[in-house]
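Counting from 6, one number per residue, gives the positions in the sequence shown under this note's numbering.
Ideal Cβ placement from N, Cα and C applies to all residues, glycine included.
What follows is a set of notes on a single structure, which appears directly below.
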Amino acid sequence: MNQLEQVNYIHNLCHVLFESGIPIQIPISKPIICGDRFITYYSYVDDCIEDFQNEWYAPEVTPNRLKNAARVFARFQQVALVLKGPERPLDLPYCNTINWMYDHDPLNSLLGPWLFSEELNRPGSVLIEFKQTVSHLIENVVDNIKALKRGLCHADFHASNTIFAGDEIQQVVDFGFWINHPLKFDLAIALEMWSRNWNARDFELNKKFYVEFMEEYLNHNGPMALAEEDVYLLPLSRLWIETYGIRIQKDSSRVDIVTKYLSSALERINWYLDHIDKLL
């Protein structure tokens, strides 16, 4: 499927979702080919002015907003169960995905040439710990993922991809993130983003928000639930985007930057490994 065919395919998916009652951004014109590019137009509504702090998007996660998001996500996944998303998202560099885990060398796909950096591979380095931890996670989850129900996933269904009018969702945007993935993968991302404690200095989830989102989702017939064997989806679900800053570093002298990204990603993974039993 070439890019134009993929855009048309995604446009059709958006219309199906909209007609199913999901407040989704929809295309209002077909793609127009212009040289080696194409142009298309989409519906859009204004963001809540209250969601911007110093021109930065920082939405307040109020109790009603969280519950509304869980309800919409439950309804979305009911529809997504019978839809097939694209195999590759349009915004692959930025989109969350787990496809890298099925590559011949997953860590190479994740980190690129930095995986073989002599300086980063010194004994006791953060890269050594990162490789060991991620390899162990993949071994625990990859076979289980293959057996999971797949369907249409947004791959970033959270506050900054959703436009609100107060507590009410007006529009879910960024359809360049549509992908065909296990639906539990999408649930893992939604749970993380809606229950994250954004005010904490280090990564952590707010268990109260986590439980509230999950309960509201299930109470409104959300079709998925995270079983004990699914918990490793949580630390792996956003690892592709967490390490994006590493893959774009082309200057071999930027070891400090890469180390910073590795430390941040490992901190997030370790938080999950330390607290996963409390989230079940």
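Segment contact, 8 angstroms Cβ cut-off, at least three pairs: the segment 142-156 with the segment 188-198: Segments in contact, yes.
CB-CB length for residue 286 against residue 143, believed under 8 angstroms: A question about residue 286 goes unanswered here, because the residues of the chain that appear run from 6 up to 285.
Three-way DSSP call (helix, strand, coil) for residue 15 in this model: DSSP places residue 15 in helix when its eight states are reduced to three.
Separation of residue 69 from residue 82, as counted between CA atoms: Answer to the nearest angstrom: the Cα atoms are 20 angstroms apart.
Separation of residue 279 from residue 218, as counted between CA atoms: In a straight line, the C-alpha of residue 218 is about 21 angstroms away from that of residue 279.
Bridge-paired residues (DSSP) for residue 47: Partner(s): 32.
Cβ-based burial, residue 203 [other Cβ within 10 Å; buried from 16]: By the neighbour-count criterion, in which a residue is buried when 16 or more other Cβ atoms sit within 10 angstroms of its Cβ, residue 203 is exposed.
Three-state secondary structure (DSSP) of residue 127: In the structure shown, residue 127 sits in coil (DSSP, three-state: anything other than H, G, I, E or B).
Distance, residue 123 Cα to residue 168 Cα: Roughly 45 angstroms between the two C-alpha positions.
Secondary structure, alpha helix (DSSP H): runs of 4+ residues fully inside the segment 60-140: Listed in chain order, they are 68-85, 111-116.
Proximal residues to residue 276 (C-beta, below 7 angstroms), its chain only, five neighbours per side dropped: Within the same chain, residue 276 has close Cβ partners 208, 209.
Residue burial classification, residue 97 (beta-carbon count within 10 angstroms, cutoff 16): With fewer than 16 other Cβ atoms within 10 Å, it is exposed.
Beta-ladder partner(s) of residue 149, from DSSP: Beta-bridge pairing by DSSP links residue 149 to no other residue.
Continuous alpha helix (DSSP H) assignments of at least 4 residues falling wholly in the segment 158-238: Taken in chain order, the complete alpha helix (DSSP H) segments of 4 or more residues contained in the segment 158-238 are 188-200, 212-224.
Proximity below 8 angstroms, CB of residue 1 to CB of residue 199: This structure leaves residue 1 out entirely; the chain is present only between 6 and 285.
The segment 265-275 touching the segment 246-256, judged by at least three CB pairs closer than 8 angstroms: Contact holds: three or more Cβ-Cβ distances are below 8 angstroms.
Identity of the residue in 147, 130, 80, 179 nearest residue 227 by Cα: The alpha carbon of residue 227 has as its nearest neighbour, out of 147, 130, 80, 179, the alpha carbon of 80.
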